[in-house]
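Novice: Residue numbers (the working numbering), protein chains in the order written: chain W, 612 to 1073; chain L, 412 to 747.
Where a beta carbon is used, it is the ideal one built from N, C-alpha and C, also for glycine.
Sharing a structure with you now.
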Amino acid sequence: MDTLILSRMQFAANISFHILFPTITIALGWVLLFFKIRFNQTGQERWMEAYRFWVKIFALSFAMGVVSGITMSFQFGTNWPGFMETVGNIAGPLLAYEIMTAFFLEAVFLGIMLFGFSRVPNWLHTIATFLVAFGTMMSAFWIIVLNSWMHTPQGFEMIDGVAHATDWSAIIFNPSMPYRFAHMVLASFLTCSFLIAGISAFRWLIGGRTAGVRVAMKTAIVAAALLIPVQILVGDMHGLNTKEYQPAKVAAMEGHWETASGVPLILFAIPDDEARENRFEIGIPKLASFILTHDWDGELKGLNDFVTEDGEILHPRVAPVFWSFRVMVGTGVLMLVVSWAAIGMMMWRKRGVEGLPKPMLYALVGMSFSGWLATLAGWYTTEIGRQPWLVQGVMTTKQAVADVPAPMVLSTLIAYLAVYVALLAAYIFVIFYLARKMSRGEDIGTRVAPSPAAQPRAIPAE
Amino acid sequence: MNYFGDPAVWLPFVFAGLMGLSILIYVVLDGFDLGVGVLFPFADDEEKDRMIASIGPFWDANETWLVLAVGLMLVAFPAAHGEILTALYLPVAIMLIGLILRGVAFEFRAKAPAPQKTLWNNLFFAGSLMTALSQGFMLGMYVMGLDWTWAHAGFGVLTAAFLTVGYSFIGATWVIHKTDEYLQRKAVDWAKGGIWGLVLGIGAISVATPFVSARIFDKWFSWPEAVYLAPLPILSGLLVVWLWVMLRKMPFAGDRLSWLPFAAATALWVMAFGGMAYSFYPYVVPEKLTIYAAASAPESLFIILIGTCIVLPTIIGYTILAYTIFRGKATELRYD
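Quick look at the structure:
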């Protein structure tokens, strides 16, 4: 394997690991603010109980996001120096604004949010919670502006092979940014909702039926049920936007090789990149044309349009895009079914989350990390779908890669993978551990245990 | 835009200054919390908790200064960013894994089941050590001009050891300020041990740098520059002697002046850093690329500068706020 493919694997590994945690924290910050405001309004201890549990998950997720994010910021230089050398005049300011307006805000006020409750007035603690949520959202905004610009670049001119900004508002409000940002923020809220619902259901099942668990679970289920239809709508609009600006990606998502009209919606197929055709194709006639053009006989561009006369392929590999898109949509449909079923049961029995039958609670536990699956699948669809371009129409991924010996990239790739797998396992383990510990009624209010002597409860070996 | 002369001249200078400032703030701030991590094996379990409590609310923001420094290099000097980071590919990877391990250890050691706490304590130490060593190694390689030869790597190993000891020194002075009683006395001993590493480290780099480059040699040892610059080494020397005398008497009754070693350590670092910045200016990649040749387009730098002028004071403001809120001796960290 050469440096290019190893570097791509390494970046894919990094971003896949990284994105898991912002996906939780972007929304969880606002959920915590909601819990805190409800507590301030009502004075009911259950909201604070929910806050205290979920702020721990937030802190853990945040730390994971920060450290993996630092890794990515360095990898622009270590693995992809061509990227900054070509489009640094545009990517640079966007990243700088992310660091200055978001990172410091989050990092400083996180300390106050986590440890300041007894040191600062309540209002300042609430403001700190808000600023952390706001900072996390700002961070998502800037990075998605940059990512969107790479998909739909505008507002610049090329001088001697280097991009120069000509119109910053065109760069920031590039055509795909609003859709991409809305899609990502909603993905975060859904991921967070299913995580809260799943872990709360888990606590409920093992007997931790406190008022705090109840309000958290109800908040999460209601949010999920309300937001998933919105997400499907936004996803569809995002798809139409992609069709306009990145038709090769849509063709790969749909698995269409030939430009044609009245194109079927392919439900199942095994795209064969070598033979340039689908095997075992099952489709619904004309439906793809109708969905994407709102005309049963609308014309859709096929992948064969993105091959130059001398045989250079300017479209992504089809199979990974085709499949990851189906995984994302499938997970989304499952989210819709589960959250609406849960709402339906709650309304029918009129007993709130206490009305949820056991199988439903198990289903929610099973869906705890469904948001991760959908987000990763969606991320692969959009990012692999961009290949071979790094910045659509401006530079290819190949042009950006560093001249580093392949064995060196391989060795760091293995090291990163080992660390990521271990940390991911530890993360999931600790979330369930905290949930179990809390359900046994033990205090997990301390972040740093005072001393072995002051910690009388021996924790049984797990 | 032309009020201050040619923006292609002053903008790179300003950004080099900003980058230097973030690196300096980084090595002081993350220096002390990395140092606390390096000192971990010398503390018992209860002391470890207090040491973590003394840096818990700060470490994340401290580390962000590194991201800002690298971010500024990336935006202001993209070519240098690529060249330096690809040349230092392996130490950067080691540093990143170190930062990952220590960063998550803060959270895991407090949340994982008690029997696993030792594991996370060890990983916190290992991560801090990896980070400090690789940063020191990179410093040495940078001073030597980023060429991979055995001699240069050897010098890198030397600076790796010295910077790590230097971090543990400033970490110890932080612990002196943030704790009391037995742990404070222990930290005074750590500081007495660490100061030698610091002196040797600053000395080694100061001696080596002029001999790597004739240009730097001329900058320091020509008339009248040598006279203007003389206060830098002299002041540093006096400061070290004074620190040594103070540390032998500390801690003072009533915790008087417990902040002093930390302040003195910071002053030492500022001087050492100033000396380095003077040596290398105007180069960003030593002897290869000047800040003027590596700079991004002025219009992009200008966009960032406007934001920086507003945002940087704000950041410094709320950083001070955080340090004020968590002032005083470190106690147990609680979420409520």
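1) Apart from the five residues on each side of it in sequence, which residues of its chain come closer than 8 angstroms, Cβ to Cβ, to W:ALA899?
2) If the cut-off is 8 angstroms on Cβ atoms, which residues from the region 530-549 of chain L count as contacting chain W, listed in chain order?
3) How would you call W:PHE936, buried or exposed, if buried means at least 16 neighbouring beta carbons within 10 angstroms?
4) Mark L:ARG667 as exposed unless 16 or more other C-beta atoms lie within 10 angstroms of its C-beta, in which case mark it buried.
5) Helix, strand or coil: which one does DSSP assign to L:TYR692?
6) On the CB-based measure, 16 or more other CB atoms within 10 Å of its CB, does W:GLU660 come out buried or exposed?
7) Report the three-state DSSP secondary structure of W:SER627 (helix, strand or coil).
8) Tell me which residue opens and which closes the alpha helix (DSSP H) that W:MET978 is part of.
9) Would you tell me roughly how many angstroms separate the C-alpha atoms of W:TYR856 and L:VAL478, rounded to the nearest one?
10) Measure the alpha-carbon distance for L:ASP591 versus L:ALA676 and round it to whole angstroms.
11) Any idea what DSSP makes of L:ASP444, helix, strand or coil?
12) Spatial neighbours of W:VAL845 within its chain, please: C-beta separation below 7 angstroms, excluding the five flanking residues on both sides.
13) Which residue from W:PRO786, W:TRP753 and W:PHE1040 puts its Cα closest to that of W:GLY766?
14) With distance defined between alpha-carbon atoms, name the residue in L:ALA678, L:PRO709, L:THR719 and L:ILE702 nearest to L:LEU440.
15) Counting C-beta neighbours from all protein chains within 10 Å, is the total for L:SER707 16 or more, i.e. buried, or is it exposed?
16) Strictly under 8 angstroms for the Cβ-Cβ distance: is W:GLY727 near chain L by that measure?
17) Report yes if the C-beta distance between W:GLY966 and W:MET956 is below 8 angstroms; otherwise report no.
18) Quick check on this structure: which residue in W:ALA751, W:ASP771, W:ALA776 and W:SER1022 has the alpha carbon closest to the alpha carbon of W:THR712?
19) Report the residue from W:TYR991, W:SER950 and W:PHE980 whose alpha carbon sits nearest the alpha carbon of W:MET971.
20) Nearest CA to the CA of W:GLY909: which residue from W:PHE901, W:PHE673 and W:LEU1028?
21) Residues of the region 687-710 of chain L with a CB closer than 9 angstroms to any CB of chain W: list them in chain order, please.
22) Between the region 708-729 of chain L and chain W, which residues of the former have a C-beta closer than 8 angstroms to a C-beta of the latter?
23) Within the same chain, show all residues whose beta-carbon is closer than 7 angstroms to that of W:VAL1027, passing over the 5 residues directly before and after it, in chain order.
24) Would W:ILE995 pass as a contact of W:ARG887 if the rule is Cβ separation under 8 angstroms?
25) Going along chain L in order, which residues have a C-beta closer than 9 angstroms to the C-beta of W:PRO692?
26) Taking the continuous beta strand (DSSP E) assigned at W:GLY894, which residues delimit it?
27) What's the gap between the Cα of W:ASP883 and the Cα of W:PRO931?
28) Excluding sequence positions up to five away, which residues of its chain have a Cβ less than 6 angstroms from the Cβ of W:PHE646?
29) Relative to the C-alpha of L:ALA427, which residue among L:GLY442, L:GLY547 and L:GLY482 is closest?
30) So with CB distances below 8 angstroms, who are the chain L contacts of W:ASN785?
31) With 8 angstroms set as the bound, which would you pick, yes or no: does the beta-carbon of W:ALA624 sit closer than that to a beta-carbon of chain L?
32) What are the residues that DSSP puts in a beta bridge with W:ASP883?
33) Is the separation between the beta-carbon of W:SER799 and that of W:THR634 shorter than 8 angstroms?
34) Short of 7 angstroms in beta carbon distance, which residues of its chain neighbour W:GLY676, apart from the five on each side in sequence? Order them along the chain.
35) Starting from L:LYS603, find everything on chain W with Cβ-Cβ shorter than 7 angstroms and list it in chain order.
36) Would L:MET555 and L:ALA480 qualify as a contact pair, given that the criterion is a beta-carbon distance under 8 angstroms?
Specialist: Taking the coordinates as given:
1) By 1-based counting over the first sequence, the position of residue 899 of chain W is 288. Within the same chain, W:ALA899 has close Cβ partners GLU865, HIS867, VAL874, PRO875, LEU876, ILE877 and LEU911.
2) Answer set for the region 530-549 of chain L: empty.
3) By one-based count along the first sequence, residue 936 of chain W stands at place 325. Around the beta carbon of W:PHE936, 16 or more other beta carbons lie within 10 angstroms, which makes this residue buried.
4) If you number the second sequence from 1, residue 667 of chain L lands on position 256. The residue is exposed, with fewer than 16 neighbouring Cβ atoms inside 10 Å.
5) Locating residue 692 of chain L in the second sequence gives position 281, counting from the first residue. In the structure shown, L:TYR692 sits in coil (DSSP, three-state: anything other than H, G, I, E or B).
6) As a position in the first sequence, residue 660 of chain W is number 49, starting the count at 1. The residue in question, W:GLU660, is buried, as its Cβ has 16 or more Cβ neighbours within 10 Å.
7) Here residue 627 of chain W is taken as the residue at index 16 of the first sequence, counted from 1. In this structure, W:SER627 counts as helix in the three-state DSSP scheme.
8) As a first step, residue 978 of chain W is located in the first sequence; it is residue number 367 there, counting from the start. Segment: none, W:MET978 is in no alpha helix (DSSP H) and carries neither H nor E.
9) On the first sequence, position 245 is the one that residue 856 of chain W refers to. On the second sequence, position 67 is the one that residue 478 of chain L refers to. Linking W:TYR856 to L:VAL478 through their CA atoms gives a straight-line distance of about 33 angstroms.
10) Working through the second sequence from its first residue, we reach residue 591 of chain L at position 180. Working through the second sequence from its first residue, we reach residue 676 of chain L at position 265. Whole-angstrom Cα-Cα distance: 19 angstroms.
11) As a first step, residue 444 of chain L is located in the second sequence; it is residue number 33 there, counting from the start. Of the three classes helix, strand and coil, the one that applies to L:ASP444 here is helix, per DSSP.
12) Along the first sequence, read from residue 1 onward, the residue named residue 845 of chain W stands at position 234. The beta carbon of W:VAL845 lies closer than 7 angstroms to those of TYR790, ALA793, HIS794 and LEU797 in the same chain, with the five residues before and after it left out.
13) Within the first sequence, the letter at position 155 stands for residue 766 of chain W. It is W:PRO786.
14) Working through the second sequence from its first residue, we reach residue 440 of chain L at position 29. Closest in alpha carbon position to L:LEU440, among L:ALA678, L:PRO709, L:THR719 and L:ILE702, is L:ALA678.
15) Taking the second sequence and counting its residues from 1, one reaches residue 707 of chain L at position 296. The residue is buried, with at least 16 neighbouring Cβ atoms inside 10 Å.
16) Walking along the first sequence from the start, residue 727 of chain W turns up at place 116. Yes, its Cβ sits closer than 8 angstroms to a Cβ of chain L.
17) Here residue 966 of chain W is taken as the residue at index 355 of the first sequence, counted from 1. Here residue 956 of chain W is taken as the residue at index 345 of the first sequence, counted from 1. Yes, Cβ-Cβ distance for W:GLY966 and W:MET956 is below 8 angstroms.
18) Residue numbering aside, residue 712 of chain W sits at position 101 when the first sequence is read from its first letter. Considering only alpha carbons, the answer is W:ALA751.
19) Residue 971 of chain W sits at position 360 when you count from the first residue of the first sequence. Between W:MET971 and the set W:TYR991, W:SER950 and W:PHE980, the nearest pair of CA atoms involves W:SER950.
20) Within the first sequence, numbered from 1, the residue matching residue 909 of chain W stands at position 298. Measuring from the Cα of W:GLY909, the nearest candidate turns out to be W:PHE901.
21) For the region 687-710 of chain L, the set of positions with a beta-carbon nearer than 9 angstroms to some beta-carbon of chain W reads SER707, ALA708 and GLU710 in chain order.
22) Of all residues in the region 708-729 of chain L, ALA708, GLU710, SER711, ILE714, ILE715, GLY718, THR719, VAL722, LEU723, ILE726 and TYR729 have a Cβ within less than 8 angstroms of some Cβ in chain W.
23) Within the first sequence, residue 1027 of chain W is the residue found at index 416, counting from 1. Here the sequence assigns Tyr to residue 1027 of chain W, which means Val is not the residue at that position. Excluding residues within five positions, the ones whose Cβ falls inside 7 angstroms are GLN621, ALA624 and ASN625.
24) As a position in the first sequence, residue 995 of chain W is number 384, starting the count at 1. As a position in the first sequence, residue 887 of chain W is number 276, starting the count at 1. No. Outside cutoff.
25) The residue given as residue 692 of chain W occupies position 81 in the first sequence. Near W:PRO692 (Cβ distances below 9 angstroms), the residues of chain L are PRO489, ALA490, HIS492, GLY493, GLU494, LEU496 and THR497.
26) To locate residue 894 of chain W, count along the first sequence from 1; it is residue 283. Segment 888-895, the beta strand (DSSP E) holding W:GLY894.
27) Locating residue 883 of chain W in the first sequence gives position 272, where the first residue counts as 1. Locating residue 931 of chain W in the first sequence gives position 320, where the first residue counts as 1. Roughly 11 angstroms separates the two Cα atoms.
28) Start at 1 with the first residue of the first sequence, and residue 646 of chain W comes out as number 35. Exclusion of the five residues before and after W:PHE646 leaves TRP658, ALA661 and TYR662 as the residues of its chain whose Cβ lies within less than 6 angstroms of its Cβ.
29) Counting from one through the second sequence, the residue named residue 427 of chain L turns up at place 16. For the options L:GLY442, L:GLY547 and L:GLY482, the alpha carbon positioned closest to that of L:ALA427 is the one of L:GLY482.
30) As a working mapping, residue 785 of chain W is identified with position 174 in the first sequence. Within chain L, no C-beta atom comes nearer than 8 angstroms to that of W:ASN785; the closest sits roughly 16 angstroms away.
31) For the purposes of this step, residue 624 of chain W is taken as the residue at position 13 of the first sequence. Answer no: the Cβ-Cβ gap between W:ALA624 and chain L never drops below 8 angstroms.
32) Counting from 1 along the first sequence, the entry for residue 883 of chain W is found at position 272. W:GLU888, per the DSSP bridge assignment.
33) Taking the first sequence and counting its residues from 1, the one referred to as residue 799 of chain W is at position 188. Taking the first sequence and counting its residues from 1, the one referred to as residue 634 of chain W is at position 23. Yes, Cβ-Cβ distance for W:SER799 and W:THR634 is below 8 angstroms.
34) The residue labelled residue 676 of chain W in the question sits at position 65 within the first sequence. For W:GLY676, where only same-chain residues beyond five positions count, the Cβ hits under 7 angstroms are HIS629, PHE632, PRO633 and THR636.
35) Stepping through the second sequence from its first residue, residue 603 of chain L is reached at position 192. Chain W residues near L:LYS603: none, gap ~27 angstroms exceeds 7 angstroms.
36) Residue 555 of chain L sits at position 144 when you count from the first residue of the second sequence. Residue 480 of chain L sits at position 69 when you count from the first residue of the second sequence. 8 angstroms or more divides the Cβ of L:MET555 from the Cβ of L:ALA480.
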